[in-house]
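Asker: Below are the structure tokens for one structure; questions will follow.
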């Protein structure tokens with residue numbers, strides 16, 4: 028697969044080499060930073076729109092990662108309950 032399609036510039040690091048929990052922690056920090064940035068009144072409308080768009084994307088990604096962790100836990104419990 029062409030790594031440039033994934034938005035990955037560096038050939039050494041793939042996005043999933045970091046644990047999912049690390050992605051979640053980084054996204055939580057980014058959401059906090061963007062939320063603080065939105066509260067600053069020094070932003071132009073264009074800058075504010077950009078920050079709000081990035082915030083929405085970060086929140087969506089965070090939700091997806093959290094749901095993935097929740098599903099993984101459920102699957103592990105199911106596998107344990109069935110003896111797999």
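Residue numbers (my numbering): 28 to 111.
In this text, a Cβ means the ideal position worked out from N, Cα and C, and glycines have one as well.
1) In whole angstroms, what is the alpha-carbon distance linking residue 56 and residue 105?
2) Leaving out five residues on either side along the sequence, give the residues of the same chain with a beta carbon under 6 Å from the beta carbon of residue 50.
3) Check whether the Cβ atoms of residue 82 and residue 65 sit closer than 9 Å, and answer yes or no.
4) Assuming residue 47 contacts residue 61 under a Cβ cut-off of 8 Å, what Cβ separation, rounded to an integer in Å, is found between them?
5) Report the rounded CA-to-CA distance for residue 67 versus residue 73, giving the unit in angstroms.
Answerer: By the coordinates alone:
1) 32 Å
2) 92
3) yes
4) No, residue 47 and residue 61 are not in contact; Cβ-Cβ is about 21 Å, not under 8 Å.
5) 13 Å
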